[in-house]
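Here's the structure, in structure tokens; my notes come after.
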Amino acid sequence: MYCFNCMKEAMPRRVCPHCHKQNVPDRIAHHLVPGTVLNGQYIIGNSIGEGGFGITYVGRDARLKMRVAIKEYYPLGCVNRNNAQSNDVYTSTPAQKEDFEKGKERFLHEAQSIAKFSGSNGVVNIKTYFEEYNTAYIIMDYLEGENLLQYTKAHGKFSGDELFRLMLPVMESLREIHGESVIHRDISPDNIIYGANGALTLTDFGSARYFTSQSSEMSVMLKQGYAPEEQYRANGDQGPWTDIYGLCATIYKCITGVTPQNGLDRTHDDRLKKPSALGAEISPALESVLMYGLSVYKSDRCRTMSELIDLTENALNSSDAAGVVDNNRTMSANGGFIPPEPVSPVNTDFSEPQQNSKPQPEPAEKQSKAPVIVAVSIAAAAVIIAGIVLFFILNGGNKNDEQPSEAVTVASEQKETRKAVNVPDLAGKTRTEAVKLLEDNNLDYEMKNKETEELEEGNKVLEQNPGAGKSVYEGDKVTIYIGDYKEPETEPTEEETTEKVTEAPVETDPVYNGSQIMYCSLCDDYVTLRENPSTSAAEITKITKGESVVFISEVYDSEFSKVRYNGKTGYVMSAYFTKSKYTSDQKVVYCIARDYANLRSQAGSNNIHNMITIPRGAAVQWTGYSSTVGNQSYLYVKYKNRSGYVLAAAFDTDASK
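Going by the working numbering, the first residue of the sequence shown is number 58, and it counts up by one from there.
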């Protein structure tokens, strides 16, 4: 018996002595059932990754008695599987079937192309590929080690010099793959393994595509921060330059700890900073190469892996502080003016550039600026140092004074690697507005609730620390206090302290401006007002359909809102209440998925847009709006104070389904 997590020998349902995880199979409806044998040889374990085009499992080669990685072609939104009935995948429409079959054929062709380079440094070794269960599979080496994302989290950032040297074998393998007219399209830190042997290996070619002139229209497949602008368009002109951007974005992340700005956003507001401005350890020469590879538009970017390799080797061997790339070539990536990309026919010539196509040296006038600045900086530093030395000579050079001064100097230098910003004024802002302002200023935050007896202050920022306008550094934490409305307790009158003879009149809700009044409009008969935000909490009273409540605040990350009704304060399920008493478009729908459905920020099946999961049976409010992507329909809904898209097929107005 093998452990489903590491595929080494272990007892079932016990902690594995090798990986120290509970040896139980995953129960995910659209995955292969763990224990399935593929091609009479490969035993399926639990999944270790899932993307837009496929699922990767840990596996075991029963003949060679070794671990393998198994990539299954499973394009989300195009196929389905119910493993309680069968491991076979199936499509729902003829159009889906046609798209799936074409994609499967490409998947196998690309496996064949990449398999030619098995054994090359820098690229995962492909053992075989085949079809089964109506789809396709690639069997690859299982790589021991951590991906770059895991490695940098555990061990810290790389220096520019170290990572560029490690990346050279990856670049060389990509150059060969590009020679077969195949591009990877999904290069990122989580797709590069830092092996136990100290070498990097590029994995996960599930998104790879040909870039010949016959296939100029490509599917939109991207990873935020690592995809250039052309990858956001189905007809974007993709080629080796697309992989160069992803590779350079990966280096940027691993030496700075910061994910690069979204490639599409950079076309209209380029705020990508140089790594040195973020405190990265990188030479000017390598930094110029990196920023050249991160140019916004392909016309300004390094075009081939051969060029990138040459520039990298020159920079690694160069002592020229000014760099090896013409700074004008990288202006768009350095925060300067971004000229519009010229409209021209699609370039289908992917041959290596001629010698004169490499970046030209700067004119002498421009080249002289960097040395002048360096000279002035050195002179200024010398004056400062001389002043410090003179100060210590005049003060006797006391060693007890010297050590604290040195510590302060170091701390100051470290602090200056981060940009100083002013804390924005958050007073009166909603939770969402405050978070956006803080994130726009690259500030961390902590939320705390603070009771208030003012209804208007509910769910809004009451206080902040540090205060508005205070100077802090990017990454510093700001604590914000959110108003939690509590109904004020009033002193009992003389009448109220005497024995109650007649029942007091029911207090009517005051009418407030704006959206404070909400209506119980989407239930069948009534909604329960409860003491706490839980369906198991004690009942206060029932609110019948059509009646109004005073909205106080949303309960963070919950399906409930705090309201007041007939003088009583409690909690109700938000999905049943609307701002309008009469509504024809909005309605409550229930999750009927087998386990859960994903709420996404954009319509479609791409998991990078996932916000939260919605469990089976949960009630969500459908706004009446929907969107169609491919052949799938998506509803725009509200759930747990968030709005987004869900797959329409996973929801129904009948909760019993």
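Where is the CB? At the ideal position from N, CA and C, for every residue including glycine.
All of these numbers come straight from a predicted model, not from anything done at the bench.
No residue range can be given for P74, since it is assigned to no beta strand (DSSP E) and is classified by DSSP as neither H nor E.
Between the alpha carbons of V703 and C648 lies a distance of about 10 Å. When beta bridges are read from the DSSP output, E189 appears opposite T192.
The beta carbon of F164 lies closer than 7 Å to those of Y130 and A193 in the same chain, with the five residues before and after it left out. Considering only M630, V607 and S637, the residue with the shortest C-alpha distance to G624 is V607. Beyond the five residues adjoining it in sequence on each side, S637 comes within less than 8 Å, by CB distance, of Y576 and S578 in the same chain, given in chain order. Inclusion of A306 and L343 in the CB contact set at 8 Å is not warranted, their separation being larger than that value.
The three-state reading of DSSP puts R358 in coil, since its state is none of H, G, I, E or B. Burial state of G108 is buried, judged by a 10 Å Cβ sphere holding 16 or more other Cβ atoms. A distance of 8 Å or more separates the beta carbons of R657 and R673. L133 has its alpha-carbon roughly 38 Å from the corresponding atom of T369.
Counting C-beta atoms within 10 angstroms of its own C-beta, V518 has 16 or more neighbours from the protein chains shown and is therefore classed as buried. In the three-state reduction of the DSSP assignment, M575 falls in the strand class, which pools E and B. A Cβ-Cβ contact shorter than 8 Å links L89 with I101. In this structure, P332 keeps its C-beta atom at 8 Å or more from the C-beta atom of G252. Non-local C-beta neighbours of T710 in its own chain, meaning closer than 6 Å and more than five positions away in sequence, comprise V646, ordered along the chain.
Note on geometry: alpha-carbon atoms of T316 and R232 lie some 25 Å from one another.
Beta-carbon to beta-carbon, N204 and I250 are separated by about 6 Å, close enough to satisfy the 8 Å threshold.
In the DSSP assignment, C648 is bridged to F708. Taking 8 Å as the cut-off, the Cβ atoms of D501 and G532 count as close. Classified as buried, Y349 has 16 or more neighbouring CB atoms from the shown chains inside 10 Å of its CB. In this structure, P297 lies away from T258, with their beta-carbon atoms at least 8 Å apart.
Selection I85, K695 and L495 evaluated against Y530 yields L495 as nearest (Cα-Cα).
When DSSP states are grouped into helix, strand and coil, P246 belongs to the helix group. For P246 against G179, the beta-carbon gap comes to about 15 Å, at or over 8 Å, which does not count as contact. In the three-state DSSP reduction, K280 falls in the coil class, being neither helix nor strand. With 16 or more neighbouring CB atoms inside 10 Å of its own CB, K355 falls in the buried class.
CA-CA distance, H212 to K122, rounds to 32 Å. Judged by DSSP in its simplified three-state form, N62 adopts coil rather than helix or strand. Taking the C-beta atoms as reference points, E286 is found no nearer than 8 Å to T313. Just measuring C-alpha positions, the residue of C60, I240 and D83 sitting nearest V72 is C60. As DSSP reads the structure, A477 sits in a beta bridge with Y530. For S683, the enclosing beta strand (DSSP E) stretches over residues A676 to V686. In the three-state DSSP reduction, F110 falls in the coil class, being neither helix nor strand. Y682 is classed as exposed because its beta carbon has fewer than 16 other beta carbons within 10 Å across all chains shown.
Assignment of T260 by DSSP, reduced to helix, strand and coil, places it in the coil class.
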